[in-house]
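Read through the structure below, which is laid out as structure tokens, and then see the notes.
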Amino acid sequence: MSLPDIRKERNNYQHYPITDKNTALSYNTAETEAYSETFSPAFPKSREKTRKERTERYERRNTMLNTALWGLYIFAIGGAAFNAVFKKSTYEITANHGKFAARPSNSVIDYVPEGATTPYSPLAKGETHTQVALNEFQMTDTLTMDDVHHGTLLLVDEEHPIQDGGKADTIRVSDTMNGYYALISQDVRLAPEAVSALNEMMEAYGNINGYGDFVVYGTTETFTGEGSCCPQYFPESQTGYTVDLAVSLGGLLPYDGEDSQRWVVEHCAEYGFIVRYPQNKAAVNGHDYVPWHLRYVGKVHAAAMVKNNLCLDEYLSYVKRYTFDEPLVVTVDDKMYHVFYTKAEEEGPTHVQRFLDGGYEVSGNNTDGFIATIWKND
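Going by the working numbering, the first residue of the sequence shown is number 702, and it counts up by one from there.
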């Protein structure tokens, strides 16, 4: 820069005299006037500090805003999941040491903190309110009159024909059978759960007797003509839950439930089957003893029928005396099950109660209601 330029640049500054009170050289420029600040040798550091503090404030504010937005997002997702789980449900919790009861879903949730004095006994050692809530929390499933005609416990006979949709989905038994029995045809079909139970039962029989001499003679369809080993057809075979048996001893023979084959009659309930028309029940169901015709109902109901000496017709009437609050308690394989009846509403939905944290099965009876089986998770 030339000397004239230096002088010109110098003339752009307004000079102030140096005094004893201000030994620092102070001056204003057009730039500093725009910022309304007085420059001094210390000013660059002060300005940097201010800018740093302002940046930190902005970062803190942005962090708080991001946190709040994520919180709202998580809350919205959680609310949607909650509605999906409890849709069509009526439930509530009244926690007073962990005792819960059902009431309308719009009621207030009451909670008594742990350690508070209540009219109830205290929690068991190591037990928490959350654990008790999960075991006792109740909800309902919504069913309709059409659902009465679906399930493993349908009463199907001449007076109660099977309805549209009452037939279970079936699979070919030959696709999953084991080597402990034979089939009259490769086209024999059963509901999947009945096939699994049949395999398990026949394997147990074969291991005990050393051979497998049973033949599945029919399921959904059975040959009942002249010379048949199973000479009678039953309408309930349409359900997909029945098995008609014959035995192979140098040829096909009818199964009479005697001798070494008696094991099936005596133990079929352990695998979920019953003899549909047992001895001494003709006055109830109109049929004499038919040992070769088995019906799959599941282990819980089969155990209850055997224990109380009931045929299916009697059991479906017997279970009507039990409710969710006062159920029929059945223990199978060291696990406790609650069984109860709910009458179907002729118009509108029917609500069947169950535990939130537990298993649940329900079957219509093909007449007027539902039999529910519920259990708590361990």
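Glycine is no exception: its CB is placed at the ideal position from the N, C-alpha and C atoms.
(1) VAL1063: beta carbon under 6 Å from a heavy atom of the ligand HEM?
(2) Judging by CA-CA distance, which residue of LEU954, LEU891, ASN900 and THR751 is the nearest neighbour of GLN939?
(3) How should ALA984 be labelled, buried or exposed, when 16 other C-beta atoms within 10 angstroms of its C-beta is the threshold for buried?
(4) Could you tell me the distance, in whole angstroms, from the CA atom of VAL1033 to the CA atom of CYS930?
(5) For TYR906, report the span of its alpha helix (DSSP H) as first-last.
(6) Starting from HIS1052, trace the beta strand (DSSP E) in both directions and tell me its first and last residue.
(7) Flag this pair as yes or no: are the beta carbons of PHE1041 and THR1024 separated by less than 7 Å?
(8) From THR1051 to LYS1044, what does the alpha carbon distance come to, in whole angstroms?
(9) Which same chain residues end up closer than 6 Å to HIS850 when comparing Cβ atoms and leaving out the 5 residues on each side of it in sequence?
(10) Where ASP848 and GLY1070 are concerned, what is the direct C-alpha to C-alpha distance, given to the nearest angstrom?
(11) By how many angstroms is the C-alpha of ILE778 removed from the C-alpha of GLU859?
(12) Give the secondary structure of GLU1015 by DSSP, where H, G and I count as helix, E and B as strand, and everything else as coil.
(13) What does the alpha-carbon distance come out to for the pair THR845 and VAL1053?
(14) So THR871 and TYR997 are supposed to be a Cβ contact under 8 Å. How far apart are they, rounded?
(15) For TYR942, collect the residues of the same chain with a Cβ closer than 7 Å to its Cβ; drop the 5 residues on either side in sequence, then sort them by chain order.
(16) What span of residues does the alpha helix (DSSP H) with VAL857 cover, start to end?
(17) May I have the straight-line CA-CA distance separating ARG758 from THR764, to the nearest angstrom?
(18) In terms of residues, what are the limits of the alpha helix (DSSP H) holding MET1006?
(19) Based on DSSP bridge pairs, tell me the residues matched to LEU844.
In short:
(1) What this structure holds is no ligand at all, so the ligand HEM is not there to describe.
(2) What you label residue 939 is simply residue 238 of the sequence shown in a count that begins at 1. Nearest C-alpha to GLN939: LEU891.
(3) Looking up residue 984 in the sequence shown gives position 283. It is exposed - the Cβ of ALA984 has fewer than 16 other Cβ atoms within 10 Å.
(4) Within the sequence shown, the letter at position 332 stands for residue 1033. Within the sequence shown, the letter at position 229 stands for residue 930. If you take the alpha carbons of VAL1033 and CYS930, they lie about 34 Å apart.
(5) Numbered from 1 along the sequence shown, position 205 holds the residue referred to as residue 906. TYR906 -> alpha helix (DSSP H) spans 893 to 910.
(6) The residue labelled residue 1052 in the question sits at position 351 within the sequence shown. That run of the beta strand (DSSP E) goes 1051 to 1056.
(7) The count along the sequence shown starts at 1 and reaches residue 1041 at position 340. The count along the sequence shown starts at 1 and reaches residue 1024 at position 323. Cβ atoms of PHE1041 and THR1024: closer than 7 Å.
(8) The residue you call residue 1051 lines up with position 350 of the sequence shown. The residue you call residue 1044 lines up with position 343 of the sequence shown. If I take the Cα positions, the gap works out to 8 Å.
(9) Within the sequence shown, the letter at position 149 stands for residue 850. GLN864, GLY867, GLY1065 and ASN1067, listed in sequence order.
(10) In the sequence shown, counting from the first residue as 1, residue 848 sits at position 147. In the sequence shown, counting from the first residue as 1, residue 1070 sits at position 369. Looking at the two C-alpha atoms, the distance is approximately 9 Å.
(11) Stepping through the sequence shown from its first residue, residue 859 is reached at position 158. Stepping through the sequence shown from its first residue, residue 778 is reached at position 77. Between GLU859 and ILE778, the C-alpha separation is close to 52 Å.
(12) The residue given as residue 1015 occupies position 314 in the sequence shown. In this structure, GLU1015 counts as helix in the three-state DSSP scheme.
(13) Stepping through the sequence shown from its first residue, residue 845 is reached at position 144. Stepping through the sequence shown from its first residue, residue 1053 is reached at position 352. Those two C-alpha atoms are separated by around 10 Å.
(14) Position 170 of the sequence shown, counting from 1, holds the residue named residue 871. Position 296 of the sequence shown, counting from 1, holds the residue named residue 997. Wrong, their Cβ atoms sit about 12 Å apart, outside the cutoff.
(15) Taking the first residue of the sequence shown as position 1, residue 942 is located at position 241. Same-chain partners within the cutoff: THR853, ALA869, ALA892, ALA895, ARG996 and TYR997.
(16) Numbered from its first residue, the sequence shown carries residue 857 at position 156. VAL857 -> no alpha helix (DSSP H), and no H or E assigned at all.
(17) For the purposes of this step, residue 758 is taken as the residue at position 57 of the sequence shown. For the purposes of this step, residue 764 is taken as the residue at position 63 of the sequence shown. The alpha-carbon atoms of ARG758 and THR764 are separated by roughly 10 Å.
(18) As a first step, residue 1006 is located in the sequence shown; it is residue number 305 there, counting from the start. Run containing MET1006: 1000 to 1008, per the alpha helix (DSSP H) assignment.
(19) Mapped onto the sequence shown, residue 844 falls at position 143. LEU844 is bridged to THR1051.
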